[in-house]
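Trainee: For the protein sequence lines, the chains are Z and U, in the order given. Each residue of the first sequence is one higher than the one before, counting from 2 in the numbering used here. Each residue of the second sequence is one higher than the one before, counting from 2 in the numbering used here. Below are the structure tokens for one structure; questions will follow.
There are 2 protein chains.
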Amino acid sequence: MSQQLENKRHTLAHLLAAAVLEHYPHAKLTLGPAIENGFYYDINFSDGERLGDDGLKEVQKTMKKLLNKWDEFSHKEVTVEEAREIYQDNPFKLELIEEIAERGEPITLYTCGGFTDLCRGGHSERPNKEIAADSFKLDKVAGAYWRGDEKKPMLTRIYGLAFENKEELDAYEAQIEEAKKRDHRKIGKEQDLFTFSELVGAGLPLWTPRGTIVRHQLDTYIWQLREKHGYQRVTIPHITKRDLYQTSGHWDKFADELFRITTREGKEYALKPMNCPHHTQIFARHPHSYREMPQRYAETTMVYRDEQSGELGGLTRVLSITQDDSHVFCRHSQVKEEFFRIWDIIDTFYGTFGFSLRVRLSFHEPSEMEHYLGTEEIWHNAENALREIAKERNADYFEAPGEAAMYGPKLDFMAKDSLGREHQVATIQLDMNLPERFDLTCVNENGEKERVVMIHAAIMGSIERFTAVLLEHLGGNLPLWLAPEQLSVVPVADTHNAYAHEVAEQLHAAGLRVHLDDSNESLGKKIRAAKTAKLPYFIVVGDQEVADKTVTLEKRDGTKSVMALEALVARLQKEVADKEM
Amino acid sequence: MSQQLENKRHTLAHLLAAAVLEHYPHAKLTLGPAIENGFYYDINFSDGERLGDDGLKEVQKTMKKLLNKWDEFSHKEVTVEEAREIYQDNPFKLELIEEIAERGEPITLYTCGGFTDLCRGGHSERPNKEIAADSFKLDKVAGAYWRGDEKKPMLTRIYGLAFENKEELDAYEAQIEEAKKRDHRKIGKEQDLFTFSELVGAGLPLWTPRGTIVRHQLDTYIWQLREKHGYQRVTIPHITKRDLYQTSGHWDKFADELFRITTREGKEYALKPMNCPHHTQIFARHPHSYREMPQRYAETTMVYRDEQSGELGGLTRVLSITQDDSHVFCRHSQVKEEFFRIWDIIDTFYGTFGFSLRVRLSFHEPSEMEHYLGTEEIWHNAENALREIAKERNADYFEAPGEAAMYGPKLDFMAKDSLGREHQVATIQLDMNLPERFDLTCVNENGEKERVVMIHAAIMGSIERFTAVLLEHLGGNLPLWLAPEQLSVVPVADTHNAYAHEVAEQLHAAGLRVHLDDSNESLGKKIRAAKTAKLPYFIVVGDQEVADKTVTLEKRDGTKSVMALEALVARLQKEVADKEM
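Listed below in structure tokens is the structure:
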């Protein structure tokens with residue numbers, strides 16, 4: 002956000018605090034920063050006071066009233082003693098004062114419209130001139146621990162939205178409203194794609210028959226794209242002895258997130274949080290000549306990470322993560338071509354759905370080498386190689402230190418969806434560390450052992466997360482090839498059931514996923530059901546169709562066309578086959 | 002085995018003991034029974050004495066010499082005191098004597114050829130007349146704990162083979178020799194299908210690209226057969242909260258074999274040992290009308306059981322078991338039809354590979370109700386239903402009490418392989434208990450909730466075990482549709498590489514898994530490689546083929562035929578498509 006907008010949001014946090022004190026004079030203020038889309042203030046209310054929807058409206062009204070009198074900010078520096086005196090009844094501010102003093106920074110108080118707060122500055126110059134009363138509003142109330150520490154007191158966080166003007170605020174609210182309608186959890190339920198069970202637990206989605214078709218179609222598409230590039234599928238178990246992860250380094254570096262298992266004989270195993278160490282053991286099963294390189298392994302399989310239960314939600318954060326994973330074992334000289342092959346797959350796949358991509362070069366954080374395997378030199382070389390590849394590809398890229406994997410730097414792809422939101426999706430990772438740790442080699446032209454390089458890549462990243470992103474991006478309107486039910490045949494009355502059945506049979510025989518809705522519901526209700534499930538097409542069969550031996554095809558967008566049954570089959574089959582390859 | 006053969010084998014155990022004492026007079030005898038294919042005797046040798054291959058031969062020679070003098074057995078009953086006196090130096094026999102006495106049974110000594118042993122009888126009447134010296138031989142030596150208890154002394158077990166006559170002995174040995182050649186671990190290595198890693202651990206196979214093709218083809222075939230019967234695929238995670246298994250009963254009943262996990266938040270989870278409880282939660286996601294019944298879910302997924310490491314070996318006993326699982330939720334009135342549908346799939350699948358099947362009705366053991374869920378009445382009804390189904394199907398069946406699953410009785414299918422060995426493979430199980438525990442219902446014609454029934458079924462059982470059985474049954478000669486590499490193209494010399502490449506390209510484009518062997522090896526070595534890998538076909542391309550634009554197709558059995566390339570493609574495609582459906 003611009004500095005001006007940030008100052009405005011920060012000013013509004015002050016204004017919020019002032020308004021709260023008008024209504025709740027005993028409330029204790031703590032911290033109130035500008036954030037993305039607005040601002041918040043964390044407040045310690047006296048016991049028993051709670052801010053409901055009505056309270057929020059009152060405070061907002063007071064903010065707008067007060068704003069008129071907020072001409073300009075003044076500030077003054079005070080000594081530690083003066084500050085302690087002023088905030089003697091507020092332990093939160095006292096804690097902040099001690100910290101500022103410890104850092105040797107000046108302690109400043111900012112005042113506007115008669116309200117003073119401990120603050121470092123950064124406000125609108127003339128609040129009542131610069132801030133339009135209709136460009137902000139209070140949004141919601143939530144709980145937040147003081148300093149984010151669950152052992153400290155729970156505070157009330159009041160969120161506000163603030164933009165340059167009313168139009169931008171309205172646009173943001175409309176986007177949020179649209180996002181709610183498109184929430185993948187809502188669509189998932191409407192289209193019966195997945196479910197959760199309290200007995201199985203949060204973060205462990207159970208995929209219904211329809212949802213499994215979507216997963217299967219997505220995975221098959223990725224596999225078709227990979228097969229063209231010489232990938233081969235492999236299969237590994239979900240557990241391993243501790244030894245594998247001690248060699249790979251995961252046992253220590255992945256410490257908290259690793260699900261550990263002790264067998265009845267007392268041996269230590271773990272559930273895999275990633276597939277690379279297992280795949281190295283398939284590569285290492287026998288020596289490889291340089292003539293057999295690269296070896297390209299692909300596997301779609303679930304990995305498990307022990308996430309905190311508070312972080313789980315829908316399909317975006319799960320314990321059971323289905324990765325469409327691949328590992329290329331190749332020579333140094335083959336790295337660039339292999340990256341480009343994967344990049345081609347990514348471009349095709351995301352292009353199919355109309356996402357636009359940009360690339361984050363996720364590099365290591367030099368000051369935190371303890372989080373990574375390998376030497377600075379290896380990292381330097383690997384990161385240079387990635388930068389060169391991104392340049393040569395003419396990619397829209399940016400660098401992000403501290404975002405690398407444990408074993409190497411990554412190209413992370415960010416997809417922008419139809420609501421303008423960005424999601425991290427595909428990844429290509431260069432790894433010179435695991436080949437060292439597992440001593441992976443090929444025999445080169447001179448008969449010598451040559452260290453190989455590994456390239457880790459996932460196109461969807463995880464099927465769960467990608468499905469969530471895709472459902473929201475498309476608002477549940479899956480393309481024909483991906484829709485679990487591609488069309489439904491709806492007879493107008495019982496007398497049309499026989500012909501409807503015949504139509505459905507022929508579509509089924511042609512390999513289409515067709516549903517015959519011969520239930521006893523009314524025609525209107527049947528059509529609404531097809532629309533709610535967002536089927537790409539439905540066909541209503543009545544007297545005319547029976548007489549003419551035709552069908553009337555209605556598309557999701559309402560367009561209709563009448564055609565012979567054979568023409569329908571041909572048209573739908575063409576549409577299914579028509580995805581980019 | 003016949004009583005006569007059992008007596009003969011028992012007699013030979015005595016003879017073995019007598020011969021051992023000739024060579025090792027201080028050895029202490031323990032127990033020596035007749036077993037399948039022969040007999041053994043467990044012997045406690047004095048410290049330091051070990052029986053090698055040479056020792057085994059010497060003992061065998063002595064057995065044959067002694068046999069001449071073994072005319073007939075005599076026996077006498079002795080008192081406990083007399084028996085204790087006779088075996089005062091043998092603590093093993095003393096232990097047996099006390100046990101016999103405790104049971105109040107007579108203590109008898111049997112003597113033949115001057116050798117006496119504590120024994121209950123059951124010998125050949127006239128050993129040297131009835132036992133041909135060439136109808137038995139000593140086989141091998143192994144360690145065995147006294148009474149099978151690892152806390153007790155380790156004894157030396159000497160195994161012998163014994164049959165009616167030399168022909169049967171030879172036939173058995175030939176079968177063993179053939180079984181060794183067909184050992185799936187050997188074939189798996191030769192054909193590069195799977196591997197094990199010491200870092201990952203025993204019982205956790207890693208499937209190579211070729212092995213994964215075999216798995217995938219088998220699984221796809223099963224799915225095609227199921228799809229015709231209205232099955233739908235679902236997808237579940239590999240873990241669950243403890244709650245699911247407390248409701249299902251697995252938490253207690255599956256106690257030892259359950260891999261347990263404690264999360265970082267201290268919650269208890271388990272790795273799934275079976276899929277049924279998860280699948281109930283998909284069924285239970287919303288109410289079902291009787292019109293939607295049956296619901297047929299299928300999923301091929303790995304389950305995990307904490308087996309003792311000593312029991313793991315090859316693919317026959319693994320920790321990671323891939324089940325081709327299915328669960329039908331149906332009404333009582335639909336059970337028989339659903340059983341027949343699954344039975345049809347089983348018949349088609351096993352018929353394809355030339356296995357013959359018989360059926361075991363695995364029932365509960367009434368004296369051990371604590372191992373099962375549900376009441377005697379539920380079990381009685383369920384078992385009657387299964388017996389009726391087996392009768393109506395005219396199946397070759399037998400009943401086996403004590404072999405039921407925790408939740409219900411089963412039809413277990415036993416496949417006889419090409420070496421005459423029987424393997425337990427497919428299973429269909431009737432379950433009236435889990436629907437009670439999870440309160441699973443449908444809404445019937447009267448608008449009332451009606452309790453449903455579950456049918457559990459696996460066609461292969463586990464992909465791992467079935468692959469082992471199949472590789473041994475076929476001696477590694479997989480049919481064309483299943484072979485990971487279907488044929489290889491072998492140019493005679495470099496000059497034929499271009500045409501060989503063209504042939505391989507066209508076969509690949511036609512969807513065939515073809516390997517172009519343009520390595521620098523000699524022609525002979527390339528052909529041997531194709532034969533060792535048991536490829537269904539290979540094509541040698543030389544001057545003649547290049548000139549005529551033909552190919553010479555050589556089958557695994559050596560038959561050859563010359564044809565045009567298009568004819569080859571058509572022939573192979575037809576053979577791939579030709580499996581039973």
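We put the beta carbon where it would ideally sit given N, CA and C, even for glycine.
#1: Mind checking whether the beta-carbon of Ala511(U) lies closer than 8 Å to any heavy atom of the ligand FMN?
#2: Roughly how many angstroms lie between the CA atoms of Lys411(U) and Pro26(U), to the nearest whole one?
#3: Does DSSP classify Asn8(Z) as helix, strand or coil?
#4: Where are the beta strand (DSSP E) runs, 3 residues long or more, that stay fully inside the segment 37-102 of chain Z, in chain order?
#5: Closest to Asn129(U) by C-alpha separation, out of Glu82(U), Val79(U), Asp72(U) and His239(U), would be which residue?
#6: Going by CA-CA distance only, name the one from Gly525(U), Gly53(U), Pro238(U) and Glu103(U) that's closest to Thr196(Z).
#7: Where does His328(U) fall in DSSP's three states?
#8: For Tyr291(U), go through chain Z and note every residue whose CB falls closer than 9 Å to its CB, in chain order.
#9: If you check the beta carbons only, do Ser327(Z) and Ala299(Z) fall under 9 Å apart?
#10: Can you give me the C-alpha to C-alpha distance between Ile101(U) and Glu168(U), rounded to a whole angstrom?
#11: Using the beta-carbon of each residue, which ones in chain U are nearer than 7 Å to Gly202(Z)?
#12: Taking the beta carbon of Glu486(U) as the centre, do at least 16 other beta carbons fall within 10 Å, making it buried, or is it exposed?
#13: Which whole-angstrom value describes the C-beta separation of Thr248(U) and Phe439(U), a residue pair presumed to lie in contact below a C-beta threshold of 8 Å?
#14: Output the distance between the C-alpha atoms of Lys561(Z) and Glu546(Z), rounded to the nearest integer angstrom.
#15: Under 9 Å between C-beta atoms, does Gln225(Z) make it to chain U?
#16: Starting from Ser290(U), follow its DSSP beta bridges and name the residues at the other end.
#17: Starting from His185(U) and walking both ways along the alpha helix (DSSP H), at which residues does that stretch end?
#18: Just the Cα atoms here: how many angstroms apart are Glu199(Z) and Val563(Z)?
#19: Assuming Gln218(Z) and Lys138(Z) are in contact, meaning their beta carbons sit under 8 Å apart, how far apart are those beta carbons, in whole angstroms?
#20: Ends of the alpha helix (DSSP H) at Tyr173(Z)?
#21: Note down the Cα distance separating Leu488(U) from Glu473(U), rounded to an integer number of angstroms.
#22: Could you tell me the alpha carbon to alpha carbon distance between Lys94(Z) and Ser419(Z), rounded to whole angstroms?
#23: From Tyr588(U) to Glu126(U), what does the alpha carbon distance come to, in whole angstroms?
#24: Counting only the same chain and skipping the five closest in sequence on each side, list residues whose C-beta sits under 8 Å from that of Ile346(Z).
#25: Does the structure place the segment 105-113 of chain Z close enough to the segment 65-83 of chain Z that three or more beta carbon pairs sit under 8 Å?
#26: Against His15(Z), what residues of chain U qualify as contacts under a CB-to-CB distance less than 8 Å, listed in chain order?
#27: For the beta strand (DSSP E) that Tyr160(Z) lies in, which residues bound it at each end?
#28: Using a C-beta to C-beta distance shorter than 8 Å, which residues of chain U count as neighbours of Asp257(Z)?
#29: Name the residues in the segment 207-225 of chain Z whose C-beta lies less than 9 Å from a C-beta of chain U; which are they?
#30: Tell me whether Arg292(U) is buried or exposed, calling it buried when 16 or more other Cβ atoms sit within 10 Å of its Cβ.
#31: Suppose you measure from the CA of Arg158(U) to the CA of Leu513(U); what does that come to, to the nearest Å?
#32: What does His185(Z) touch in chain U if you count any residue whose Cβ is under 8 Å from its own?
#33: How is Pro402(U) classed by DSSP in three states: helix, strand or coil?
#34: Let me see if you follow: with CB-CB separation under 9 Å, is Glu151(Z) close to chain U or not?
#35: Can you give the Cα-Cα distance for Glu555(Z) and Ile540(Z), rounded to whole angstroms?
#36: Taking the Cβ atom as the reference point for each residue, do Thr213(U) and Val235(Z) lie within a distance shorter than 9 Å?
Mentor: Answer, in terms of the structure:
#1: What this structure holds is no ligand at all, so the ligand FMN is not there to describe.
#2: C-alpha separation (whole angstroms): 52 Å.
#3: Look at Asn8(Z) here: in three-state DSSP terms it is helix.
#4: Taking 3 residues as the shortest admissible run, the segment 37-102 of chain Z contains the following complete beta strand (DSSP E) segments, listed from N- to C-terminal end: 39-45 and 75-79.
#5: Checked all of Glu82(U), Val79(U), Asp72(U) and His239(U); the closest Cα to Asn129(U) is Asp72(U).
#6: Closest by alpha carbon: Pro238(U).
#7: Strand at His328(U).
#8: Within chain Z, no residue has its beta carbon less than 9 Å from that of Tyr291(U); the closest one is some 13 Å off.
#9: Their beta carbons are under 9 Å apart, which means Ser327(Z) touches Ala299(Z) by this criterion.
#10: Whole-angstrom Cα-Cα distance: 39 Å.
#11: Below the 7 Å Cβ cutoff, chain U contributes Thr241 and Lys242 as neighbours of Gly202(Z), in chain order.
#12: Glu486(U) is buried by the Cβ-count criterion.
#13: Yes, Thr248(U) and Phe439(U) are in contact; Cβ-Cβ is about 6 Å, under 8 Å.
#14: Lys561(Z) and Glu546(Z): Cα-Cα distance of roughly 14 Å.
#15: Output row for Gln225(Z): interface = no.
#16: Ser290(U) is bridged by DSSP to Val444(U).
#17: Per DSSP, His185(U) belongs to the alpha helix (DSSP H) from His185 to Glu191.
#18: Approximately 47 Å between the Cα atoms of the pair.
#19: Gln218(Z) to Lys138(Z), Cβ: 42 Å. No contact.
#20: That run of the alpha helix (DSSP H) goes Lys167 to Lys182.
#21: Their backbone Cα atoms lie some 21 Å apart in a straight line.
#22: Each residue's alpha carbon lies about 43 Å from the other.
#23: This structure leaves residue 588(U) out entirely; chain U is present only between 2 and 582.
#24: If you ignore the 5 residues before and after Ile346(Z), its C-beta comes within less than 8 Å of the C-beta of Ile223, Leu226, Arg227, His230 and Ile460, all in its own chain and listed in chain order.
#25: As far as the Cβ criterion goes, the segment 65-83 of chain Z touches the segment 105-113 of chain Z, which means the pair count is three or higher.
#26: Chain U residues near His15(Z): none, gap ~39 Å exceeds 8 Å.
#27: Per DSSP, the continuous beta strand (DSSP E) segment holding Tyr160(Z) begins and ends at Met155 to Ala163.
#28: The answer, in chain order, is Arg265.
#29: Residues are counted here when their Cβ sits less than 9 Å from a Cβ of chain U; for the segment 207-225 of chain Z these are Leu207, Trp208, Thr209, Pro210, Arg211, Gly212, Thr213, Ile214, Arg216 and His217, given in chain order.
#30: Exposed, since its Cβ has fewer than 16 Cβ neighbours within 10 Å.
#31: Cα atoms of Arg158(U) and Leu513(U): separation of roughly 52 Å, rounded to the nearest angstrom.
#32: Think of a sphere of 8 Å around the beta carbon of His185(Z): no beta carbon from chain U falls inside it, the nearest being about 16 Å out.
#33: Of the three classes helix, strand and coil, the one that applies to Pro402(U) here is strand, per DSSP.
#34: Using a CB distance cut-off of 9 Å, Glu151(Z) does not count as an interface residue toward chain U.
#35: In this structure, the CA atom of Glu555(Z) is about 6 Å from the CA atom of Ile540(Z).
#36: Yes, these two residues count as a Cβ contact at 9 Å.
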